[in-house]
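Protein sequence lines correspond, in order, to chains Y and H. In terms of this note's numbering, the first sequence has 92 at position 92, counting the first letter as 1, and numbering is strictly consecutive. In terms of this note's numbering, the second sequence has 230 at position 230, counting the first letter as 1, and numbering is strictly consecutive. We put the CB at the ideal spot given by N, CA and C, even for glycine. Heads up, the thing below is written out as structure tokens.
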Amino acid sequence: MGIFQRFNSQFKEILHDSELLFILAKRDISVRYKQTYLGVGWAIVRPVLTMLVFLFAFKNVAKIQDLSGYPIQLVIFSGILFWNLFATTFQSVSNSIIVNGNLISKVYFPRLIICLSSIAVSLIDFLVGLVVYIILAFALGQSISIHIFLLPLALILTLLSSLGFGILFASFSVKYRDLLQIIPLVVQYGFFVTPIVYTSQSLIGSKWFIYYSIINPLAGLVEFFRYSLLVKYHLFNPQILWISVASTLFIFSLSLFVFHKREDSFVDHL
Amino acid sequence: MSIIYNMQVIDVSSVSKKYKVYKNPGPISLKNGLKEVFSKKSNQEFWAINDVSFSLSAGDKLGIVGNNGAGKSTLLKILSRITKPTTGSISVQGKVASLLEVGTGFHPELTGRENIFLNGAILGMKKSEITAQFDEIVDFAGEQIIRFLDTPVKRYSSGMYVRLGFAIAAHLNPEILIIDEVLAVGDADFQKKSLGKMKEVASREKTILFVSHNLTAVANLCNKTLHLEKGRVKAFGDTGQILTSYMAALQNNVFEHQYERPEIAPGNDIIRLKYAKLHPRLHEDQSYWDIRHAFNIELEFWNLGSTSNLNVSLHVYASTGECIFNVGSGSLSCRYGLIRASLEVPGHYLNDGNYVVSFMVVKDKSIILHNFEEIFNFEIADFREDTTWYGKWPGYVRPSFSFPIEQISETI
Numbered sequence: 001m002g003i004f005q006r007f008n009s010q011f012k013e014i015l016h017d018s019e020l021l022f023i024l025a026k027r028d029i030s031v032r033y034k035q036t037y038l039g040v041g042w043a044i045v046r047p048v049l050t051m052l053v054f055l056f057a058f059k060n061v062a063k064i065q066d067l068s069g070y071p072i073q074l075v076i077f078s079g080i081l082f083w084n085l086f087a088t089t090f091q092s093v094s095n096s097i098i099v100n101g102n103l104i105s106k107v108y109f110p111r112l113i114i115c116l117s118s119i120a121v122s123l124i125d126f127l128v129g130l131v132v133y134i135i136l137a138f139a140l141g142q143s144i145s146i147h148i149f150l151l152p153l154a155l156i157l158t159l160l161s162s163l164g165f166g167i168l169f170a171s172f173s174v175k176y177r178d179l180l181q182i183i184p185l186v187v188q189y190g191f192f193v194t195p196i197v198y199t200s201q202s203l204i205g206s207k208w209f210i211y212y213s214i215i216n217p218l219a220g221l222v223e224f225f226r227y228s229l230l231v232k233y234h235l236f237n238p239q240i241l242w243i244s245v246a247s248t249l250f251i252f253s254l255s256l257f258v259f260h261k262r263e264d265s266f267v268d269h270l
Numbered sequence: 001m002s003i004i005y006n007m008q009v010i011d012v013s014s015v016s017k018k019y020k021v022y023k024n025p026g027p028i029s030l031k032n033g034l035k036e037v038f039s040k041k042s043n044q045e046f047w048a049i050n051d052v053s054f055s056l057s058a059g060d061k062l063g064i065v066g067n068n069g070a071g072k073s074t075l076l077k078i079l080s081r082i083t084k085p086t087t088g089s090i091s092v093q094g095k096v097a098s099l100l101e102v103g104t105g106f107h108p109e110l111t112g113r114e115n116i117f118l119n120g121a122i123l124g125m126k127k128s129e130i131t132a133q134f135d136e137i138v139d140f141a142g143e144q145i146i147r148f149l150d151t152p153v154k155r156y157s158s159g160m161y162v163r164l165g166f167a168i169a170a171h172l173n174p175e176i177l178i179i180d181e182v183l184a185v186g187d188a189d190f191q192k193k194s195l196g197k198m199k200e201v202a203s204r205e206k207t208i209l210f211v212s213h214n215l216t217a218v219a220n221l222c223n224k225t226l227h228l229e230k231g232r233v234k235a236f237g238d239t240g241q242i243l244t245s246y247m248a249a250l251q252n253n254v255f256e257h258q259y260e261r262p263e264i265a266p267g268n269d270i271i272r273l274k275y276a277k278l279h280p281r282l283h284e285d286q287s288y289w290d291i292r293h294a295f296n297i298e299l300e301f302w303n304l305g306s307t308s309n310l311n312v313s314l315h316v317y318a319s320t321g322e323c324i325f326n327v328g329s330g331s332l333s334c335r336y337g338l339i340r341a342s343l344e345v346p347g348h349y350l351n352d353g354n355y356v357v358s359f360m361v362v363k364d365k366s367i368i369l370h371n372f373e374e375i376f377n378f379e380i381a382d383f384r385e386d387t388t389w390y391g392k393w394p395g396y397v398r399p400s401f402s403f404p405i406e407q408i409s410e411t412i
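Set out below in structure tokens:
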């Protein structure tokens, strides 16, 4: 069987077991909220607190000003919303195979279902955060961009990139547990080298910006994401987005390929 | 249905599974992984399953037997598609459900109700199937579960947990069912119910693969048996025939030791073993040793020392290492030469299981001259009549004391 036929048959298997995918997602969501008193409230508290910390740091300590001209609260909050979605899905997908090791060593089902179902919790958090963003925007006298119809596309691209990186880590970390130590570092450093709490305004002029965008597809994605939320956001560059889309799709397909090559050996290392 | 009945639903052809034996077991660090890539030094290999072939028709019930480490669990994992064989191929036609554990994927934080849907989906049931059978599942699991249906299963007793798990599994409706010893769960009452359900399932035209240490259960449920030994197929065929030779092979191996001359015999300067024999007294037309049979142990040893008061002290240990009993022979003033001691252990005495025999030669009832350790290693099979319960019979001994029961009156 060719690789495409195999992908095709695997895709069909996942479709066939889509009920399992949803019930595993539901499991993660209900377990998450059963264990905490604040429940879904955490999806509000976390991004708001992060935003306040950076506002404090920028305004009162470092005296940094973002020169893009957009309300700094919205720049930071939209960035954090984007980053939390990427980072939490990336982390949960990376750990998903090991966390669900007991299932994998006792029952057969398409292994990719485990990776796919583990994005559910982050997705709920994101949707809650989005509502908070909209409230915040109106509170600051701003409205929502007419480009909001592009938000689902931005969301899908973000999920594809976090799935891509996550599946790659998941594929190797079952055997090489050292990789699990790298994940928090990726999340921590990525937060600062991507325009999350700042915009790409100050980067655009640089000669290396194009190379930077190739290496870090998230830079283009986050600005696309802001473009769909902030009114008349001028830092969105379609060319950079195409670069991001290309590298996201590349990483995602690579991850599927690697996962497919390695999934049969998972159970031997769990 | 006769055409389908004759179809081969499972075809396993020269399947092998290799595992690497790492010096430091457990997850591999990146450092060792890189070392492995750069140095060509290969790890030790171990074939858990080696060139296994067999095929089953629809409706066959296969029992898989063999010692610990024979590869039974690995084979089930390959058949369930949990792990891929290193070489060889399997073809399986039809919907498969495998039960390698009761309550796979139960989440302690979720309620019994939520876990029914979760576990059912994991085992391959559609949501509509679970909904349709929900009441039956809960009924089967028992009254206690009904009351705690909306309680997280972390508050369940282990018995309730297992009952709920089995109840879900019992309502699976696959064409092929793969089971690993899950019968041995729950209390006697629940086991009886489970076995009834198993038999009901078995009576449909379903293909079942069943791993068990319990030969009585295999004999009752399975028409075919696969005997694995060190990862290879030792025998495959009709259950009756295979079980007979399996037990016979199991028991014939090391039941006799004989040494021609003292120089080559185990022992020391004073005592050397000449002959040791363990001889189960099987009933006629019976080819393997079960709990009903008495057995004899005969020992002959050379006394190479001077005349002294000797006796033999014999220990029988369970496979867990606990001593079941210790008996001493009478004491005898033995001169230089050959001494014999013999012992008879009655039937209906030891329970089914694996046992080890050791004996020592003692001087003046206090000085151990030599301890012959693990002279025999044997297994006694289970035997039951008129029972629908196939769980492990508890205890190390299995007496059949007279224990009459009678109705004294018909009024209160």
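Have a look at the DSSP bridge pairing and note the partners of residue i.
i: P152(H); result: T111(H)
i: F236(Y); result: BP columns for F236(Y) are empty, so no partner.
i: K18(H); result: W47(H)
i: E344(H); result: N296(H)
i: T87(H); result: S16(H)
i: G337(H); result: N303(H)
i: S98(H); result: I178(H)
i: S55(H); result: D11(H)
Is DSSP giving residue i helix, strand or coil here?
i: P280(H); result: strand
i: G231(H); result: coil
i: K224(H); result: strand
i: G302(H); result: In the sequence as presented, Gly is not what sits at residue 302(H); that position holds Trp. DSSP places W302(H) in strand when its eight states are reduced to three.
i: I208(H); result: strand
i: M360(H); result: strand
i: Q91(Y); result: helix
i: W83(Y); result: helix
i: H171(H); result: coil
i: E260(H); result: coil
i: Q144(H); result: helix
i: S287(H); result: coil
i: K12(Y); result: helix
i: P25(H); result: Annotation note: pLDDT 49 at P25(H) (below 50); position unreliable, coordinate value reported separately. Coil, per DSSP.
i: Q142(Y); result: coil
i: E197(Y); result: It is worth fixing the name first, because residue 197(Y) is Val in this sequence and not Glu. In this structure, V197(Y) counts as coil in the three-state DSSP scheme.
i: R446(H); result: Chain H is shown only over 1 to 412; residue 446(H) falls outside these bounds and no answer can be derived.
i: N253(H); result: At N253(H), the pLDDT of 49 sits below 50, so the modelled position is not reliable and the matter cannot be decided from this model.
Would residue i count as contacting chain H if we go by Cβ distances under 8 angstroms?
i: Y37(Y); result: no
i: S105(Y); result: yes
i: E13(Y); result: no
i: I23(Y); result: yes
i: L185(Y); result: no
i: L99(Y); result: Checking the sequence, you will find Val at residue 99(Y) rather than Leu. Not closer than 8 angstroms to any Cβ of chain H, the Cβ of V99(Y) fails to qualify, so no.
i: L112(Y); result: no
i: S30(Y); result: yes
So residue i and residue j are in contact, right, with Cβ under 8 angstroms, and what is the actual spacing, rounded?
i: S117(Y); j: A25(Y); result: 4 angstroms
i: L172(H); j: L221(H); result: Not really, about 16 angstroms apart at Cβ, beyond 8 angstroms.
i: S145(Y); j: S9(Y); result: That pair is no contact at about 41 angstroms.
i: H227(H); j: V65(H); result: 5 angstroms
i: L215(H); j: L177(H); result: Not quite, the Cβ-Cβ distance comes to about 20 angstroms (not below 8 angstroms), so this is no contact.
i: T151(H); j: T111(H); result: 6 angstroms
i: G231(H); j: H370(H); result: Not confirmed; about 37 angstroms, so no contact.
Please decide whether residue i counts as near chain Y, where near means a Cβ-Cβ distance under 8 angstroms.
i: S80(H); result: yes
i: H475(H); result: Residue 475(H) cannot be examined here, being either before or after the span of chain H that is shown, 1 to 412.
i: L209(H); result: no
i: I368(H); result: no
i: T131(H); result: no
i: A121(H); result: yes
i: Y19(H); result: yes
Does residue i get closer than 8 angstroms to chain B when you measure Cβ to Cβ?
i: R27(Y); result: No chain B is part of this structure, whose protein chains are labelled Y and H.
Contact between the segment 186 to 206 of chain Y and the segment 124 to 141 of chain Y: three or more CB pairs below 8 angstroms?
Judged by Cβ distances under 8 angstroms, the segment 186 to 206 of chain Y makes no contact with the segment 124 to 141 of chain Y, as fewer than three pairs qualify.
So, does the segment 389 to 403 of chain H touch the segment 260 to 279 of chain H, judging by three or more C-beta pairs under 8 angstroms?
no
Does the structure place the segment 144 to 162 of chain H close enough to the segment 53 to 71 of chain H that three or more beta carbon pairs sit under 8 angstroms?
In short, these stretches do not touch, since the Cβ pair count stays below three.
Any 3 or more C-beta pairs closer than 8 angstroms across the segment 99 to 107 of chain H and the segment 96 to 106 of chain Y
yes
Cβ contact check for the segment 49 to 65 of chain H and the segment 250 to 266 of chain Y: 3 or more pairs under 8 angstroms
A contact between stretches requires three or more CB pairs, one per stretch, nearer than 8 angstroms, and the segment 49 to 65 of chain H fails this requirement with the segment 250 to 266 of chain Y.
Pairs of beta-carbons, one from the segment 56 to 71 of chain Y and one from the segment 14 to 29 of chain Y, closer than 8 angstroms: are there three or more?
no
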